[in-house]
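Asks:
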Amino acid sequence: AVFLCRHCVIWKFKMVHESLTYGPPRPLRVLLAKLKADNKFYAVKVLQKKIILKRKEQKNIMAERNVLLKSLKHPFLVGLHYSFQTPDKLYFVLDYVNGGELFFHLQRERCFSEPRARFYAAEVASAIGYLHSLNIVYRDLKPENILLDSQGHVVLTDFGLCKEGVEPEGTTSTFCGTPEYLAPEVLRKEPYDRTVDWWCLGAVLYEMIYSLPPFYSRDVGEMYDGILHKPLPLPPGKSEAICSLLVGLLQKDQHRRLGAIADFLEIKNHTFFSPINWDDLYHKRITPPYNPNVKGPADTQHIDPEFTREMVPSSVSRTPEFNTGTSSNNTFNGFSFVATEDSFL
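352 is the number that the numbering used here gives the last residue of the sequence shown; the numbers go up by one with no jumps.
(1) Measuring straight from C-alpha to C-alpha, what distance separates P327 and D95?
(2) Measure the C-alpha to C-alpha separation of S133 and D204 and round it to an integer number of angstroms.
(3) Only counting the same chain, and skipping five residues up and downstream in sequence, which positions put a Cβ closer than 6 Å to that of V104?
(4) Quick test of your reading: H160 and P295, contact by CB under 8 Å. State the CB separation rounded to the nearest angstrom.
(5) Could you have a look at K149 and say whether DSSP puts it in helix, strand or coil?
(6) Give the DSSP-derived three-state secondary structure of T338 in the structure shown.
(7) Can you give, in chain order, each stretch of the alpha helix (DSSP H) that sits fully within the stretch 227-297 and has at least 4 residues?
(8) Output the distance between the C-alpha atoms of R225 and A346, rounded to the nearest integer angstrom.
(9) Tell me whether Q158 sits in a helix, a strand or coil according to DSSP, three-state version.
(10) By Cβ distance below 8 Å, which residues in the same chain neighbour T178 in space, the five residues on each side in sequence not counted?
(11) Which value, in whole angstroms, describes the spacing of the CA atoms of V173 and N67?
(12) Report yes if the C-beta distance between F279 and L257 is below 8 Å; otherwise report no.
(13) Measure from the alpha carbon of S246 to the alpha carbon of each residue in Y213, V227, P220 and G303, then state which is nearest.
(14) Considering only the beta carbon of each residue, do L7 and F99 sit closer than 8 Å?
(15) Using only the alpha-carbon positions, how far apart do L84 and T164 sit?
(16) Could you round the C-beta distance between A124 and M215 to whole angstroms and report it? I think they count as a contact, below 8 Å.
(17) The beta strand (DSSP E) spanning H139 covers which residue range?
(18) At which residues does the beta strand (DSSP E) containing F99 begin and terminate?
(19) Between the Cα of L168 and those of T185, A267, Q158 and P175, spot the shortest distance and give me the residue it belongs to.
(20) Candidates R72, I59, Y127 and A269: which alpha carbon is nearest E176's?
(21) Return the first residue and the last residue of the alpha helix (DSSP H) that Y213 is part of.
(22) Taking 6 Å as the limit between beta carbons, can you name the residues of its chain near Y49, skipping five residues before and five after?
(23) Taking its Cβ as the centre, do 16 or more other Cβ atoms sit within 10 Å of S190, making it buried, or is it exposed?
(24) Need the endpoints of the alpha helix (DSSP H) that F48 sits in, please.
(25) Helix, strand or coil for F111, going by three-state DSSP, please let me know.
(26) For R72, count neighbouring C-beta atoms within 10 Å of its own C-beta (all shown protein chains included) and say buried if the count is 16 or more, exposed if not.
(27) Within a Cβ cutoff of 6 Å, which residues of the same chain sit near H277, ignoring the five residues on either side of it in sequence?
(28) DSSP on Y199, reduced to helix/strand/coil?
(29) Which value, in whole angstroms, describes the spacing of the CA atoms of E151 and C250?
(30) Please determine, among L42, L97 and K57, the residue with the shortest C-alpha to C-alpha distance to G341.
(31) Our contact map puts H309 next to G106 with C-beta atoms below 8 Å; I'd like the distance itself, whole angstroms only.
(32) Quick one: Cα of T93 to Cα of D287, how far?
(33) So, at 7 Å on beta carbons, what are the nonlocal neighbours of E273 in its own chain, with the 5 sequence-adjacent residues on each side left out?
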């Protein structure tokens, strides 16, 4: 496909196939694409402007773009290479990561060993700590948003619910997230702070070792009641260190939660993470406990076939007619971006 951004630069990608399709609340497609200039593979996230405008999510999209730009500076956050628009759609061109979602691997294996769970939790915590240092609260940590790269390192993706500008003592109040991972203060619709992300980390870690999120129930009302009022169930057979960490992260009172005082530093210093050399972790000098063994960029063995069997819609891959004076283009003014290392244009 040939696309033009608002600066009239020619973009040349070959759309390979559709890799993911998400439903409400923000319908989008994620396509596997290959840049014709160098044959590199990318993930192309496509959003429809009319839906964004209808739901008044323009600020969220621009915030996601801004967070993606900052993410280029951290090894465990997905990188943005380009963003551009047509009269009808917005496009994010991102790192292509094909080791599979953590959710996919959990479904297949049910649960992980403590050392494996520790490795993933440490890399995720490093990414979350970095976002917090930029006054960004992630707000939607869950296994579906945690990818593994071709070597088995974590890549955190999907910044659509991120909140920028949250100072260390600051709060926000938007009710958002995924039901199984919502913190009590969010359910109570109270102002919440960055410790909401540490609750979510606790919920994901719990799921990694116990197969299901804490308080999980098919009855959402019952699940919410558990999150709000019931003690944390800790089935036997796990180490004292991981149980201590889970109790700290899944503390219902956000002011007493692990991370409430010194944020990421408290998580780093917990006994459960004592085997981790954080400098080695950041520089990817620790060998991941699991290698996806992908055979190349086109290997989609770790992506659910349900997401790869669809053909690319013609509306995405055809060259559009441009009218740079449209109101939708003006609404998303400043959206387009080219990373400096990708200045092949």
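Positions of the beta carbon are idealized from the N, C-alpha and C atoms, including for glycine.
Replies: According to the structure shown:
(1) Below a pLDDT of 50, predicted positions are generally treated as unreliable, and P327, at 45, falls in that range; no measurement from the model is reported.
(2) Approximately 12 Å between the Cα atoms of the pair.
(3) L154, D156 and V162
(4) 6 Å
(5) In this structure, K149 counts as coil in the three-state DSSP scheme.
(6) Note: T338 maps to helix in three-state DSSP.
(7) 227-236, 247-256, 271-275 and 285-289
(8) 44 Å
(9) Q158 falls in the coil class under three-state DSSP.
(10) P198, Y199 and D200
(11) 15 Å
(12) no
(13) Per the C-alpha coordinates, the member of Y213, V227, P220 and G303 positioned closest to S246 is Y213.
(14) Summary: the structure shown does not reach residue 7, with the chain confined to residues 8 through 352, and so no result is reported for it.
(15) 6 Å
(16) 4 Å
(17) H139 -> not in any beta strand (DSSP E); alpha helix (DSSP H) instead, spanning E121 to S140.
(18) It spans K96 to D102 - the beta strand (DSSP E) in which F99 sits, taken as one unbroken run.
(19) T185
(20) A269
(21) T202 to Y217
(22) A40, V100 and Y103
(23) First, the residue type needs correcting, since residue 190 is Ala and not Ser in the sequence shown. When all chains shown are included, A190 counts as buried.
(24) No alpha helix (DSSP H) contains F48, which is instead part of the beta strand (DSSP E) from F48 to Q55.
(25) Note: F111 maps to helix in three-state DSSP.
(26) With 16 or more Cβ atoms within 10 Å of its Cβ, R72 is classed as buried.
(27) L252
(28) Of the three classes helix, strand and coil, the one that applies to Y199 here is strand, per DSSP.
(29) 24 Å
(30) L97
(31) The pair is a contact, with the Cβ atoms about 6 Å apart (cut-off 8 Å).
(32) If you draw a straight line from the Cα of T93 to the Cα of D287, it comes to about 42 Å.
(33) L265 and G266
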